[in-house]
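So the protein sequences, as listed, match chains W and B. For the first sequence, the working numbering gives the first residue as 1427, with consecutive numbering after it. For the second sequence, the working numbering gives the first residue as 898, with consecutive numbering after it. Think of the CB as a built atom: it goes at the ideal place given N, C-alpha and C, for glycine as much as any other residue. Report on the following structure.
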Amino acid sequence: MNAEFSATDLLTSLEIADGPSYDTLPFGVVKMTKDGIIVAYNKTESEIAGVTPGNAIGKHFFTQVAPCTNNFMVAERYASIELDEEIDYMFTYIVSPTKVRLRLLKSAKCKHQYLLVQKS
Amino acid sequence: MNDSTAMEKQVQAMLSIIYQVPVGIVETNAAGLITQMNPKGVQLLMPFFMQYDLSPENNMLLLLDKMLPGINTAISSFTNESGTIVQQQNYQVELNFQNRQTVRHFFFTVNKIDSDTLSFMFDDITAFYEREQKISQALQDQAVERSKFEMASGILHDIGNAVVGFGSYLTKIKRQISQNDYDTLKNLEGFFLKHQPQLISCFGETKAHALTTLLQGLAQNQKNSQDELQKALGDQMNIVTHISEILTLQRQYIKGQGGSQRAKVGIRDIINDCLPMLMATFSKKNISVKSTLPFDLPLITGDKTRLMQVFLNLLKNAAESINTDHAGEQKIEISAVAHPEELVVSIQDTGSGIDADVLPTLFTRGITTKTEGNGLGLANCRSIIESHNGRLALQSEGPGKGATAIIRFKL
C-alpha cells in the first residue's frame, strides 16, 4: 500500500486494504473498531510507540495501549460520527517523549476508525 | 527463547505496567527539558501545552510558569542538593481549549533528584475534589436542617408550655365562677318567700312582691351569665386541648426529621393526624372534609414523617385551590382503596382546577402556579412518594373543575 499521511481519500483506502499492507506505510496506522478495540497496528506505529502489534491487537487503544491519548483532545473526538482532523501531539516511546502529528479519521460509511501517527 | 526475545517480552510487560500508572510522572533536567514522561503525564498535560501554545518547547518549567507559577517559585527557591520541593499540594487551574472552559484541580509533588534532575508527580483530582465538595455541602445542609428542627422543636416546646399554662388558668377561672353567688341568691329568695308575711307587714304587699321578683330576676341573670361563661370557657378549653394535640403531633413528627426511618405505617393514621393540623384552614374557608378511609387498609413500609409532609402538602394545596367566593359547597374528599397489588389514595377537591397545559409542568422544581410558592412542594412530594415505591399524579378536567391527587403505593 502506498499513501500520503494527509491524502484526502485515505480513509477509504485504509478501509479497503488489509492489516499487513499497512506495514509498507511510512506513518503509523492504528485501525480500531468504533469501540476503540485495535484490529490492526502497523510496523511504523510499533516503532514510534514501542508496543509490538501482538501486544496491541485486541486491546482498547485509548485506555490500554495509548493512555496518553485518553483525553478530550484525542479519545473524546471519536465521539463524532464524522472525523478528519490533524493535531500536533506527543507520544511516549517507553517513557521518552516523542513529538508526533496525529490524524483522527472516522466516518459513518466505514466500519472502522483510524488513528494515524507521523513523527514530527 | 533467545535473549532478545526474552528482553522484548520484559519490555512489553513493563510497558503494560507503566501505561497503567494512575498518576502523571515527568522527569526533566534542571532547565525543565522533559527527558522522561509516562503516558498518563502526556494525557494530563497535553491540553495545557496546547492551551499555552508550548508544544514545541517540550519544557515543563515553561509550562508551569504559565500553568502554576507558584511551583516554579518553589523550585527556584529550593537550594538543597536534593529533596522534596512540593509535597502533595493541591492546585486549581483553568483549562481553556477549543471553547471549553473548565476549572481543574490538580495535586503536584516535585522532587529534586540531583543538581540536574527534577521529577514531577501529578494527577487531575477534579472528580475527587467535586465529590468531596458535594459531601461537605451535604453535611452542611444536614447540620442546617438539624438545627432548624432543633429550633422548631424548642419553639413547639415553649408554645406547649404556654398552652398548658393557659389551660390551667382557664380551669382555675372555671372553678372560680362555679362558686358564684347564684346559690346564695337562691337561698335568699327562698328566705324571702318563707318570710313573705313579715316582709309584707314591713314594706307593704306590692313592695314585698317586687323585692322577691327582683331577687328572682337577679338569681336568674346570675345563672344565665354563669352558664354562658361556663360554655365559653368550655369552648376555650376545647380549643386549648386541640392546640395541645396539634403541638404533640408536630413534636412527634419533628422527632422523626433528619433521618429516614422506615417502618410499617398506616396511611389512614397519617392522614387522620394531618387533618387536625389543617382544621383551622378548612374551617376558615368553610370547606367540608369527607374522609372515607377504611379501617383495614394494608400497612406500607415507609417514613411516616416524610409521608405526613406529602399528605399535609397535598391537603394544603387542595384547600388553597378553593376560592371562598365561589358559590356552592366547597369540599375535599379523601378516599383510599386497596387492590391486590397497590394501595390507591385520592384527594379530590372542588377548587380552581388545573389547566391542561400547566398540568405536566407541576412536578418540575421551580414551577408553581401560586403567587407565593417556590415550586418545590409537588416536586418534593413526588420524590418522597417515589422513594416509597409509589407514584403521585394530579388530574383535573380543567380550570374551575377541581383537581384530584392520586397516590399509588405498590404493595
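Give the secondary structure of D950 (chain B) by DSSP, where H, G and I count as helix, E and B as strand, and everything else as coil. coil
Please determine, among B:M957, B:V920, B:V918, the residue with the shortest C-alpha to C-alpha distance to T932 (chain B). B:M957
Using the beta-carbon count (16 or more within 10 Å), is N1271 (chain B) buried or exposed? With a pLDDT of only 44 at N1271 (chain B), under the threshold of 50, the placement of this residue in the model should not be trusted; the figure read from the coordinates follows. That one is exposed.
Please classify N1008 (chain B): does DSSP put it in a helix, a strand, or coil? strand
Quick check: is the beta carbon of A949 (chain B) nearer than 8 angstroms to any beta carbon in chain W? The question names Ala, but residue 949 (chain B) in the sequence shown is Tyr. For Y949 (chain B), the answer is no, since every Cβ of chain W falls outside 8 angstroms of its Cβ.
I'd like to know whether the C-beta of N1271 (chain B) is nearer than 8 angstroms to at least one C-beta of chain W. The predicted position of N1271 (chain B) is uncertain, since its pLDDT is 44 and thus under 50; a value taken from the coordinates is nonetheless stated next. Cβ-Cβ to chain W under 8 angstroms: no for N1271 (chain B).
Measure from the alpha carbon of D1124 (chain B) to the alpha carbon of each residue in B:R1072, B:L1108, B:A1105, then state which is nearest. B:R1072
Neighbour list for G1476 (chain W) in chain B, Cβ cutoff strictly below 7 angstroms: L912
Range of the contiguous beta strand (DSSP E) that encloses A928 (chain B): Run containing A928 (chain B): none; DSSP gives neither H nor E here.
Go through the segment 1074-1132 of chain B residue by residue and report every complete run of the alpha helix (DSSP H) that reaches 4 residues or more, in order. 1079-1091, 1093-1100
Which residues in chain B have a C-beta closer than 9 angstroms to the C-beta of Q1544 (chain W)? List them in chain order. What Q1544 (chain W) touches in chain B: nothing, since even the nearest Cβ is about 15 angstroms away.
Of all the options W:E1512, W:T1489, W:Y1519, which has the alpha carbon lying nearest to the alpha carbon of A1501 (chain W)? W:T1489
List, in chain order, every chain B residue whose beta-carbon is nearer than 7 angstroms to that of Q1539 (chain W). Those within 7 angstroms of Q1539 (chain W) in chain B number zero; the least Cβ separation is about 19 angstroms.
Does I1197 (chain B) get closer than 8 angstroms to chain W when you measure Cβ to Cβ? no
Counting pairs of Cβ atoms below 8 angstroms between the segment 1201-1217 of chain B and the segment 1166-1180 of chain B, do you hit three or more? yes
What do you reckon, are the CB atoms on I1251 (chain B) and I1282 (chain B) nearer than 8 angstroms? no
For G1248 (chain B) and A1224 (chain B), I'd like the C-alpha separation in whole angstroms. 11 angstroms
Under a three-way DSSP split, which group does G1297 (chain B) fall into? coil
Which residues does DSSP list as the beta-bridge partners of D1510 (chain W)? W:L1531
May I have the straight-line CA-CA distance separating V1455 (chain W) from A928 (chain B), to the nearest angstrom? 35 angstroms
Beta-carbon separation of E1142 (chain B) and Q1113 (chain B) under 8 angstroms? no
According to DSSP, simplified to helix, strand and coil, what is N977 (chain B)? coil
Pick helix, strand or coil for L1541 (chain W), following the three-state DSSP scheme. strand
Give me the residue from W:A1534, W:M1499, W:H1538 with the minimum Cα distance to R1527 (chain W). W:M1499
In this structure, how does DSSP classify G1248 (chain B) when only helix, strand and coil are distinguished? coil
Note down, in chain order, every chain C residue with its Cβ under 9 angstroms from the Cβ of N899 (chain B). In summary, chain C is missing from the structure at hand, where the protein chains are W and B.
Which listed residue (B:M1174, B:H1236, B:P1191) has its alpha carbon closest to that of L1209 (chain B): B:M1174
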